[in-house]
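Read through the structure below, which is laid out as structure tokens, and then see the notes.
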Amino acid sequence: MDETYARTYPPAPWHLRGTMYAALWRLPGRLLPGHWELPEPARPLLVGRHALVVTAWVDYRPGGTLAYRELLVALAVRERWRVAACAVEAWVDDERSLAGGRALWGVPKRPGSFAFAAPSPRGTVRTGLFPDGRAATGDAGAPVTAWHQDLLRLPGPLPARGRLLQPAPGPPGGRRTLRVPLRLTGRVRLGRARLAARPGGPLAFLAGRTPLLALSVRDFRFTVGRAGS
């Protein structure tokens, strides 16, 4: 990454717009990847012995702070009695988003390239991730591929609020916790989704599983962070 270019990332907050395909997965706690770093004092939110994981394929469009594509993986966590999310993995195809996400909010973004296919006649959208960042001319051979189909449009637009808890460097040799507010509004459609991933690669722990919930958010407005964060 060109360091001079990376330093030009926009200040917080970011006001983003576009389309999102999200899914909620239930995963046995013993299968959570060991390299996921959580901030103190957050712990995975367990329902029985299962954790809750969210995947979001996002196409951020022109008209917002930045335009890029992203696959974000978030883990539901609890901070004492409050529920939040921790972004544990993310891939983006824009250097400013990568640098800004890491510097401003501690989101562990990495470079990737994406294939977002046009909807099929049945309305199914197919997406693919190439985590090595090479140019994608289609989703054939993508290490991670997902499919989403809309089924039911909800009245809206619907607003939502949340927050990320992210680990970040602190005092020399220490760590600190960043609390990042999120505000989202858009037209929501419930749907169904499935995911395929190569063994040993990104998101392999979700391959073959059926999400608890799948939805798309169209024409969203998404605000990340606050001024000065």
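Heads up: the sequence shown is residues 302 to 530, going by this note's numbering. Every residue, glycine too, gets a C-beta built ideally from N, C-alpha and C. On a predicted model such as this, the values are computed, not experimentally measured, just so you know.
- Item | Contacts around Glu-390, its chain only, beta-carbon distance under 6 Å, and the 5 residues preceding and following it disregarded | Val-374
- Query: Quick one: what's got a C-beta closer than 8 Å to Trp-326's C-beta in the same chain, skipping five residues either side?
  - Reply: Leu-353, Val-354, Val-355, Thr-356, Leu-507, Arg-510, Pro-512, Leu-513
- Query: Between Ala-377 and Leu-346, is the Cβ-Cβ spacing less than 8 Å?
  - Reply: Yes, Cβ-Cβ distance for Ala-377 and Leu-346 is below 8 Å.
- Message: Quick check on Pro-503: does DSSP put it in helix, strand or coil?
- Response: Pro-503: coil per DSSP, three-state reduction.
- Which residues mark the beginning and the end of the beta strand (DSSP E) in which Ala-323 is found? 315–329
- Task: Could you work out which residue in Gly-429, Phe-417, Leu-367 is closest to Trp-315 when comparing CA atoms only?
- Result: Leu-367
- Task: Take every Cβ of the region 416–433, pair it with every Cβ of the region 445–456, and state whether three or more of those distances are shorter than 8 Å.
- Result: yes
- Task: Write down the C-beta distance between Asp-394 and Gly-413 rounded to the nearest angstrom, noting that I regard them as a contact closer than 8 Å.
- Result: 6 Å
- Roughly how many whole angstroms lie between the Cα atoms of Thr-309 and Arg-350? 43 Å
- Coil, strand or helix - Leu-405 by DSSP: helix
- In terms of residues, what are the limits of the beta strand (DSSP E) holding Pro-412? 410–412
- Going by other Cβ atoms of all chains shown within 10 Å of its Cβ, with 16 needed for buried, is Trp-358 buried or exposed? buried
- Task: With a floor of 3 residues, list each beta strand (DSSP E) that falls wholly inside the region 331–390, ordered by position along the chain.
- Result: Within the region 331–390, the complete beta strand (DSSP E) runs of at least 3 residues are 351–361, 369–380.
- Query: Given a threshold of 16 other Cβ atoms within 10 Å of its Cβ, counted over all protein chains shown, does Gly-526 qualify as buried or as exposed?
  - Reply: Flag for Gly-526 reads buried.
- Query: Leu-513 by DSSP, collapsed to three states: which one?
  - Reply: For Leu-513, the secondary structure class from DSSP, reduced to helix, strand or coil, is coil.
- Cross-strand partners of Arg-484 (DSSP beta bridge): Arg-462, Thr-524
- Query: How many whole angstroms separate the CB atoms of Leu-485 and Phe-521, which I take to be in contact at a CB cut-off of 8 Å?
  - Reply: 6 Å
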